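Each remark here refers to the structure printed beneath this line.
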Amino acid sequence: MLKKDKKSQSKMSIVYAVGVGPGSQDYITDIVREIIQNSDVIVGYKYTLKTIENLLSNKEVYEITMNSQEAVYQKIKTKLGNKTLVVPFTGDVSFSESEVVDRLIEIFGQVQVIPGISSIQVAAAKALVPLDKAKVITMHVTTSIEDKKIELQKALLDGFSVIVVPRPWPKDLEKNFMPAEIAIYLKKNGFNTSEIKVHVFESLTNLNESSFVGTVNELEERVFSDLTVMVFNQTKLESYTSFA
Numbered sequence: 000m001l002k003k004d005k006k007s008q009s010k011m012s013i014v015y016a017v018g019v020g021p022g023s024q025d026y027i028t029d030i031v032r033e034i035i036q037n038s039d040v041i042v043g044y045k046y047t048l049k050t051i052e053n054l055l056s057n058k059e060v061y062e063i064t065m066n067s068q069e070a071v072y073q074k075i076k077t078k079l080g081n082k083t084l085v086v087p088f089t090g091d092v093s094f095s096e097s098e099v100v101d102r103l104i105e106i107f108g109q110v111q112v113i114p115g116i117s118s119i120q121v122a123a124a125k126a127l128v129p130l131d132k133a134k135v136i137t138m139h140v141t142t143s144i145e146d147k148k149i150e151l152q153k154a155l156l157d158g159f160s161v162i163v164v165p166r167p168w169p170k171d172l173e174k175n176f177m178p179a180e181i182a183i184y185l186k187k188n189g190f191n192t193s194e195i196k197v198h199v200f201e202s203l204t205n206l207n208e209s210s211f212v213g214t215v216n217e218l219e220e221r222v223f224s225d226l227t228v229m230v231f232n233q234t235k236l237e238s239y240t241s242f243a
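According to the numbering used here, the sequence shown holds residues 0 to 243 in order.
This is the structure we're talking about:
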């Protein structure tokens, strides 16, 4: 179907925003793999390109950073012609990437979004926390996160499990909101962090994957990488026999 669509639209450019999973090539979906293989131009961040490196032969590849991405997108727009552009995102395009996707739409017009497997899903599965009984909060945005901090407090007080993507900001540590800062923040706001269970996963699905399991107060002196997901586990088992 993808090949047929591409042929039928061969006189116009096609732009895809695709999710390539948390890091392991095992988590790239077949549809995303096919789109990348049938593409002409690939634009992505270093880590994301590494995830799909075996699919990049004979492609026009651009590695971007937050600072360079705008100039690269504008350059590609002027010469894309009838080629197919793929912008891959780590995890799922529809989570923590809306600012970039919105800009792609502004620049290129129509953009086809293809979902991927998110580290949020993997972390929830490993922690045995069902997503439909949890709150999912991302701090990994460039805008203010003060409302999200309040949302985190409320979700914990209401008894929800919470899955959080922390915010690394090495160039301005005041904007950093990683597990240590989150632990300190919660304690300052009256939470007994020695009683809240937490999982912290790093580099999910990669060979160097690691995890921490303990209580929130134990995080205050710990340093984690920017590839981190936290799960506050307040889930209570509730099997179908409870409703018989």
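The beta carbon of each residue, even a glycine, is placed where N, CA and C say it ideally should be. Please read all numbers here as calculations on a predicted model, not as lab measurements.
| Query | Result |
| --- | --- |
| Spatial distance of S23 from V60 (CA atoms) | 20 Å |
| Bridge partner(s) assigned by DSSP for R166 | F176 |
| A126 (DSSP reduced to helix, strand or coil) | coil |
| Opening and closing residue of the beta strand (DSSP E) in which S261 lies | Outside the displayed span of the chain (0 to 243) sits residue 261, for which this structure offers no information. |
| Cβ neighbour criterion (16 or more within 10 Å) applied to R166 | buried |
| DSSP three-state assignment for L151, whether helix, strand or coil | helix |
| Buried versus exposed, by CB contacts within 10 Å (16 or more), M177 | buried |
| Close beta carbons around V84, own chain, < 6 Å, minus the five adjacent residues each side | Per the sequence shown, the amino acid found at residue 84 is Leu instead of Val. Here the set comprises V14, V40. |
| 8 Å Cβ cutoff met for F200 and A123 | no |
| First through last residue of the alpha helix (DSSP H) which encompasses F231 | Careful: F231 lies outside any alpha helix (DSSP H), inside the beta strand (DSSP E) at 227 to 231. |
| Distance between beta carbons of V164 and H139, contact taken as under 8 Å | 5 Å |
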